[in-house]
Ligand code: FAD
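In UniProt numbering, the protein residues as written are 1 to 394.
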């Protein structure tokens with residue numbers, strides 16, 4: 001590629017995962033040895049993970065004060081002018097088959113093309129569309145998995161550097177300053193961008209974030225080992241419709257709504273009492289926005305082992321979560337079509353329906369749709385007991 005472009009300088013945006021840093025350091029050493037000018041810059045994040053410090057000089061371990069400090073300190077830089085000309089490598093085709101790669105099942109590339117327009121222009125259009133309307137209702141609708149355009153869907157674009165958080169910040173702030181955007185809705189959106197930043201702070205200072213418990217007490221958590229339960233979870237066969245809908249959405253599209261990510265992560269770590277690392281690894285393999293910082297930080301947050309984590313004893317009830325956030329049942333009906341004809345009242349707990357209702361809806365529990373893998377009340381008590389063993393060690 002160096003030959004093809006005739007480049008004598010190479011610049012790139014810094015990466016922060018340990019494996020990525022090692023690769024980049026190797027490339028830098030190799031190119032420098034060949035006499036090229038090489039430099040890495042910050043571009044993936046608003047600020048470098050070492051920039052924002054507490055009064056005591058450490059990094060922030062709690063989100064709210066971090067967010068306050070970031071808001072106060074951050075001023076997006078003015079964008080540089082576009083280079084007059086930049087010769088890039090010629091990509092022969094976007095088609096996988098022309099590269100000798102044949103789509104496997106499911107057709108990830110096809111699913112992606114339905115939901116995203118990859119590239120800088122696609123990312124810029126997505127941001128503009130979002131700021132043009134949905135952002136004003138973001139605080140109210142962002143938890144509704146059935147409302148696809150209620151959130152920005154920028155995560156894969158941010159993940160692959162097709163847009164930078166500084167561009168998102170700048171455009172959003174500009175909208176607020178010009179009076180086009182309601183400040184509270186827009187700032188709620190920017191606070192989510194700040195969660196991404198915070199995840200990078202945690203990753204940078206804890207390079208093993210994807211493997212090791214941030215809170216070392218969790219090393220003693222009596223996790224279970226149960227391959228069948230894990231398979232049922234990953235394949236969307238737990239018998240809890242909101243969990244199954246989320247896992248099937250993930251498998252078919254590579255995406256899952258944030259609220260549902262929290263529900264399925266809580267279900268794996270608390271109802272099934274399986275180690276959060278198993279879920280993190282599955283998400284890493286299947287998410288289109290799989291991110292080395294946000295993924296482990298969010299898993300640890302949900303499992304209770306992370307920085308500023310949800311307390312372990314806060315166990316999401318998948319029935320009430322489903323009823324609250326997918327009240328119309330549209331999301332579950334889309335991903336669990338075998339439950340389509342159940343009345344709304346039973347959609348999130350099909351086992352509560354009487355035999356006649358199930359029959360009319362064409363649902364045969366244990367046949368067309370699974371029985372719940374574990375009873376909620378029982379799972380809750382088991383998880384709390386497990387957590388108690390940690391408390392006793394302190
Ligand atoms: P919006 O609501 O529009 O938010 C805007 C942007 O802010 C997102 O694109 C994302 O970059 C960032 N963001 C939003 N919420 C979070 C959050 N909680 N933590 C960190 N950044 C956030 N996000 C990823 O980008 N990659 C992951 O691998 C990932 N794994 C997750 C695993 C679990 C268990 C959970 C609970 C959350 C995870 N998230 C991850 C965070 C969040 O679910 C996604 O960023 C969000 O759903 C993406 O949709 P959006 O772009 O429409 O988000």
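Where is the CB? At the ideal position from N, CA and C, for every residue including glycine.
Beta-bridge partners of residue i, as assigned by DSSP
i	result
residue 38	10
residue 365	369
Whole-angstrom distance between residue j and residue i, CA atom to CA atom
i	j	result
residue 62	residue 72	16 Å
residue 256	residue 164	22 Å
residue 320	residue 312	18 Å
residue 300	residue 216	12 Å
residue 275	residue 286	18 Å
residue 174	residue 167	10 Å
residue 223	residue 298	19 Å
residue 213	residue 305	6 Å
residue 384	residue 318	16 Å
residue 205	residue 140	34 Å
residue 373	residue 238	5 Å
residue 371	residue 280	26 Å
residue 112	residue 391	44 Å
residue 194	residue 246	25 Å
residue 117	residue 153	11 Å
residue 260	residue 1	42 Å
residue 388	residue 147	38 Å
residue 110	residue 252	10 Å
residue 277	residue 84	46 Å
residue 330	residue 262	19 Å
residue 292	residue 359	46 Å
residue 308	residue 57	18 Å
residue 39	residue 14	9 Å
residue 343	residue 241	13 Å
residue 18	residue 177	38 Å
residue 332	residue 367	18 Å
Where residue i sits in the DSSP three-state scheme
i	result
residue 353	coil
residue 288	coil
residue 247	helix
residue 220	helix
residue 212	coil
residue 85	coil
residue 154	coil
residue 43	coil
residue 55	coil
residue 228	helix
residue 272	coil
residue 60	coil
residue 278	helix
residue 318	helix
residue 382	helix
residue 313	coil
residue 388	helix
residue 304	coil
residue 132	helix
residue 117	coil
residue 172	helix
residue 48	coil
residue 341	coil
residue 258	helix
residue 165	helix
residue 238	coil
residue 20	helix
residue 375	coil
residue 205	helix
residue 69	helix
Buried or exposed (CB count within 10 angstroms, at least 16 for buried), residue i
i	result
residue 362	exposed
residue 50	exposed
residue 349	buried
residue 337	exposed
residue 180	exposed
residue 221	buried
residue 231	exposed
residue 228	exposed
residue 202	buried
residue 156	buried
residue 197	buried
residue 11	exposed
residue 234	buried
residue 20	exposed
residue 347	buried
residue 29	exposed
residue 208	exposed
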